[in-house]
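Q: Residue 39 is where the sequence shown starts when you use my numbering, and the numbers rise one by one after that.
Got a structure for you, questions after.
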Amino acid sequence: MCGYWEAASHKLTPFEKVPIDVDYKKTKHTYDVWTHSIWEWSLDILQNPDLEPYFVWDAEKLFKFNGEDFIQFIDEPWTGSQWWKIQSQLPNPEGKPLCYILYADKSKLSTFGSQVGYFVIARCANLPTWIRNGEGIGGGRVVGWIPIVEEEQQHKGKKSFVDFKRVVWHKSFLKYLESLRPYAKTGFWFQTSQGEKLCLFPLVIILSADYEEQCVMALTRGFGGLCPCPVCTIDKDKLSDLTVQASHRTALDVLELSEIADSLSLASEREGLYKEEGLRNVENAFFSIPFSDPYDALSFDRLHANAEGNFGKHLYPTLQGCIKDINREACQLVDSQMSQIPPWRNLNHFKAIMDIHFSDGSKYEDISKQNKSAYLLLCCLRIYLVIDMYAALEVHTETTLLAGEEALRKFDLLMKKYIASCAEDDKPKDWNFPKYHALKHLFQDIRAKGCTRNYNTKPNEKCHVPFKKAYQRQTNKKEVEGQLLRLDHWSVVSAYIKDRIKSLDDFIKSQEDEESENGPNDITQHIILGSPDPSTTFSNLEALYSSNSAFRNFRKKLNNFLNIFLPALSIPLPDNRKIHFNPDDKITRCKFLKVNYESMVSWEICTDLLRCNPNFQEKPRYDYIMVDTGQGHIYAQLLYMFKCTVGDNSYPLALIHPYDAGIPGPRRRKDKDLELRRIRPKPQIESEFISLHSVIRGALVVSDFETNTDYFVVDTLDTDMFLRLRPETISM
């Protein structure tokens with residue numbers, strides 16, 4: 039089998055091992071660099087007929103009509119200002135930028151971290167996000183394995199040795215970029231399968247990395263430097279002030295600095311010049327590729343800066359501390375309330391949060407969507423959540439960008455107020471750190487390079503998982519680089535072959551008769567009912583729920599509803615007579631509802647999977663919904679979903695508990711400060727019937743444990759819900 043795999047591996051360009059020599063203290067050190075030609079990988083995907091229709095070559099300014107005006111929106115990298123700027127500067131006026139997103143980071147392969155992999159992953163920014171961030175043949179590709187310099191005790195912490203490690207890193211990266219350099223200067227004429235000729239200029243438009251790796255890419259001195267930010271020259275003592283303006287770093291400025299340093303005779307003077315700018319005197323590999331300024335390419339990383347950084351290591355521990363300072367009962371109360379939050383698809387459910395710590399940033403992200411305690415700090419946390427939701431938007435307009443920047447200004451003011459209000463003997467954590475300052479560049483990056491999902495490290499971190507599994511199961515634990523990269527290459531070739539077979543199957547299918555026995559595609563339907571029970575009579579149903587006031591007069595209320603509902607839709611009643619179900623008539627209960635709806639953010643189809651089940655995974659689950667009433671929307675809890683036959687037609691209906699009772703009096707101060715969406719249920723006896731076609735989407739509703747009568751709608755559940763509850767930011 040290995041022989042067959044090896045033969046098939048030549049379908050695509052394999053890895054090769056290249057040595058590099060680096061001097062340290064007059065001693066030559068040789069390291070093996072595993073590299074996969076980025077250019078050859080580019081040709082592999084450029085020549086793939088299935089990917090060819092999806093490549094975008096020109097910068098675009100896209101607009102959508104909102105009923106009154108055409109408004110510009112930003113999503114993909116080619117809709118940002120950086121792509122436009124680069125394409126305008128290419129030496130050939132017909133030139134097209136072939137843009138790369140590069141990621142690099144270490145990953146612990148062994149259980150105890152003794153074996154570490156250092157991956158470089160490339161993605162093609164000319165492909166749309168759903169392909170680029172996917173796992174298929176057009177997704178991310180491991181193109182290198184950076185050698186790790188072992189740090190001996192006698193060299194630990196020495197500046198010269200740190201510089202030496204940076205030299206090894208950038209010399210390795212030069213090997214990865216080597217295949218691009220000739221074409222980056224002159225362009226490469228590529229002919230598509232349609233005969234179109236394109237003059238392509240390869241360049242790096244985005245660098246995706248956490249803060250530590252960004253410092254390596256930018257050759258800055260990190261948190262201990264005088265200017266710790268990799269992309270600007272902010273002073274190290276002003277990182278917590280988001281109003282401070284600092285000059286943006288550029289490759290041209292660094293090259294000019296290097297020329298000045300080279301003219302100085304004393305090494306101490308040269309070192310002082312670099313130190314003042316927070317830089318290291320090392321040649322940057324990215325300077326070798328035109329239009330690939332690393333300081334423009336470095337981007338805000340929502341996973342590490344927000345989920346693992348600002349929230350996971352700062353806001354969340356500070357919040358824990360505030361609650362623990364009250365008493366043990368307060369901690370138990372928070373854990374109890376957290377465990378009572380309803381489950382939701384793709385959202386981690388926590389039974390306790392006060393004494394747990396995670397290494398997974400997505401866990402912190404999910405906790406940040408659910409926590410509602412410790413009032414003073416929560417004012418800051420709430421605005422942080424708003425900023426993070428704006429950061430998560432898949433499409434931005436000038437309205438959402440301005441709203442996000444306004445939220446950032448409010449967050450900065452609130453944090454300063456919070457820090458100043460703390461007593462001297464109870465100072466909060468020091469907020470003067472780079473990941474806090476990174477928020478300063480968040481919306482600048484969106485304007486320049488599109489939405490944050492274009493440069494979030496999350497899709498790349500997922501690529502570590504197969505390597506960890508392969509290390510444990512398929513290597514001898516010695517000199518694993520070559521073994522793992524060969525297995526990765528075989529995996530990519532396997533995906534390529536599978537992709538070609540699927541294309542052949544699709545082609546054959548397209549030649550057959552277009553008529554199909556299959557029903558309509560799920561995505562074309564607004565709602566789909568599932569998980570049906572055997573049909574039951576009205577009399578059995580009313581007997582089963584006789585103690586539940588919501589089901590009182592079930593049959594009579596259903597008669598009244600249908601007698602109004604059907605004529606309102608111009609549907610004639612059977613025999614022009616009012617509907618009157620008999621006790622022996624039957625209906626079919628369904629416990630699952632799939633709702634497809636158009637996202638308010640990206641205008642794409644999104645799906646909610648909702649349950650109305652007395653025993654789902656050994657627990658009752660009755661989800662909440664947003665319902666279109668014709669005059670607006672309300673929230674309600676699903677009580678009973680069913681199919682009801684009237685005449686020759688079957689209608690999907692539901693009994694709901696409406697949460698639209700009026701709340702008297704002025705809005706509470708807490709609700710205003712924390713922007714809480716408070717709702718109140720009507721008495722259960724006022725349950726109503728609805729057509730399930732009136733369901734807009736699902737909703738996550740949590741109890742207000744303070745009153746035990748009111749509830750809150752979680753607006754940070756996803757970006758669609760976030761914008762639906764902030765209509766002032768919707769300009770389309």
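Idealized CB from N, CA, C, for every residue including glycine.
This one's a predicted model, so the numbers in the text were calculated from it and none came from an experiment.
Which same chain residues end up closer than 7 Å to Leu600 when comparing Cβ atoms and leaving out the 5 residues on each side of it in sequence?
A: The residues are Ile617, Val684.
Q: Does DSSP classify Gln521 as helix, strand or coil?
A: In the structure shown, Gln521 sits in a helix (DSSP, three-state: H, G or I).
Q: Roughly how far, in whole angstroms, is the beta-carbon of Ser217 from the beta-carbon of Trp77, given that I think they are within contact range, below 8 Å?
A: Correct: roughly 4 Å between the Cβ atoms.
Q: Would you kindly check if the distance between the Cβ of Ala533 and the Cβ of Glu251 is under 9 Å?
A: No, the Cβ-Cβ distance between Glu251 and Ala533 is not below 9 Å.
Q: Starting from the C-beta of Leu648, find all residues in its chain whose C-beta is less than 6 Å away, skip the five residues before and the five after it, and write them out in chain order.
A: Hits under 6 Å: Leu631, Asp661, Gly736.
Q: Which residue comes first and which comes last in the beta strand (DSSP E) that contains Leu136?
A: From DSSP, the beta strand (DSSP E) with Leu136 extends over 133-146.
Q: At which residues does the alpha helix (DSSP H) containing Arg593 begin and terminate?
A: Its alpha helix (DSSP H) spans residues 592-606.
Q: Taking Phe111 and Val433 to be in contact with their CB atoms under 8 Å, please state how far apart those CB atoms are, rounded to whole angstroms.
A: With 8 Å as the limit, Phe111 and Val433 qualify as a contact, their Cβ atoms being about 5 Å apart.
Q: Leaving out the 5 sequence neighbours to the left and right, which residues in its chain are closer than 7 Å to Leu84 when beta-carbon positions are compared?
A: Contacts found: Phe228.
Q: Just to check my reading of the structure: Ile169 and Tyr141 have Cβ atoms closer than 8 Å, yes? What is that Cβ distance to the nearest angstrom?
A: Not confirmed; about 16 Å, so no contact.
Q: Beta carbon of Gly155, beta carbon of Val518: below 9 Å?
A: Yes, the pair counts as a contact, with Cβ atoms nearer than the cut-off.
Q: Go ahead and pull the three-state DSSP assignment for Arg366.
A: DSSP places Arg366 in helix when its eight states are reduced to three.
Q: State the Cα-Cα distance for the pair Asn578 and Phe93, rounded to the nearest angstrom.
A: Whole-angstrom Cα-Cα distance: 59 Å.
Q: Can you tell which of Trp641, Cys644, Asn687, Gly347 has its C-alpha closest to the C-alpha of Pro610?
A: With distances taken between Cα atoms, Pro610 lies closest to Asn687.
Q: So who's on the other strand from Cys489, going by DSSP bridges?
A: Paired residues: none, contrary to the question.
Q: List the whole-angstrom C-beta distance separating Leu446 from Cys417, where the pair is believed to meet the contact cut-off of C-beta under 8 Å.
A: Wrong, their Cβ atoms sit about 15 Å apart, outside the cutoff.
Q: Hey, Ala674 and Glu642: beta-carbon distance below 9 Å or not?
A: Not a contact, by the Cβ cut-off of 9 Å.
Q: Restricting to Cα atoms, I'd like to know which of Phe150, Leu241, Phe261 is closest to Phe471.
A: Measuring from the Cα of Phe471, the nearest candidate turns out to be Phe261.
Q: What does the Cβ neighbour count give for Pro558, buried or exposed, with the cut at 16 atoms within 10 Å?
A: Reliability fails at Pro558, whose pLDDT of 44 lies under 50, so the model's placement of it is uncertain and no value is given.
Q: Which parts of the segment 677-747 are runs of the beta strand (DSSP E), unbroken and 3 residues or longer, counting only runs that do not cross its ends?
A: Runs found: 687-696, 715-717, 726-729, 733-737, 739-741.
Q: Which class does Lys235 belong to by DSSP, given the choice of helix, strand or coil?
A: Strand, per DSSP.
Q: Kindly identify the DSSP beta-bridge partner or partners of Met664.
A: Per DSSP, Tyr673, Arg735.
Q: I need the straight-line Cα distance from Gln521 to Ser541, nearest angstrom please.
A: When rounded, the distance between both Cα atoms is 30 Å.
Q: Can you round the beta-carbon distance between Arg715 and Met638 to whole angstroms, since I take them to be within the 8 Å contact cut?
A: That pair is no contact at about 16 Å.
Q: If we call anything under 9 Å between Cβ atoms a contact, is Arg383 one with Asp622?
A: No.
Q: Which residues share a DSSP beta bridge with Asp373?
A: According to DSSP, which records beta bridges pairwise, Asp373 is partnered with nothing at all.
Q: Out of Asp758, Val740, Met759, Asp753, which one is the CA nearest neighbour of Gln375?
A: Answer by Cα proximity: Val740.
Q: If you check the beta carbons only, do Asp264 and Arg318 fall under 9 Å apart?
A: Residue identity check: residue 264 is Leu in the sequence provided, not Asp. No. Outside cutoff.
Q: Buried or exposed: which applies to Lys478, given that a residue is buried once 16 or more other Cβ atoms fall within 10 Å of its Cβ?
A: Its Cβ being crowded by 16 or more others within 10 Å, Lys478 is buried.
Q: Does the beta-carbon of Tyr42 have 16 or more other beta-carbons within 10 angstroms, so that it is buried, or is it exposed?
A: With fewer than 16 Cβ atoms within 10 Å of its Cβ, Tyr42 is classed as exposed.
Q: I'd like to confirm the pairing. Which residues does DSSP put opposite Tyr635 in its beta bridges?
A: Partner(s): Cys644.
Q: Quick check: the Cα distance between Glu346 and Tyr354, rounded to an integer number of angstroms?
A: Their Cα atoms are separated by approximately 10 Å.
Q: Quick one: Cα of Lys66 to Cα of Asp59, how far?
A: The alpha-carbon atoms of Lys66 and Asp59 are separated by roughly 6 Å.
Q: Which residues in the same chain as Arg308 place their Cβ atom closer than 7 Å to its Cβ, once the five residues preceding and following it in sequence are excluded?
A: Result list for Arg308: Ala299, Leu302, Asn319, in chain order.
Q: Residue range of the beta strand (DSSP E) that Gly310 falls in?
A: Note, Gly310: premise wrong, no beta strand (DSSP E); alpha helix (DSSP H) at 305-314.
Q: Would Ile244 be called buried (16 or more neighbouring beta carbons within 10 Å of its own) or exposed?
A: It is buried - the Cβ of Ile244 has at least 16 other Cβ atoms within 10 Å.
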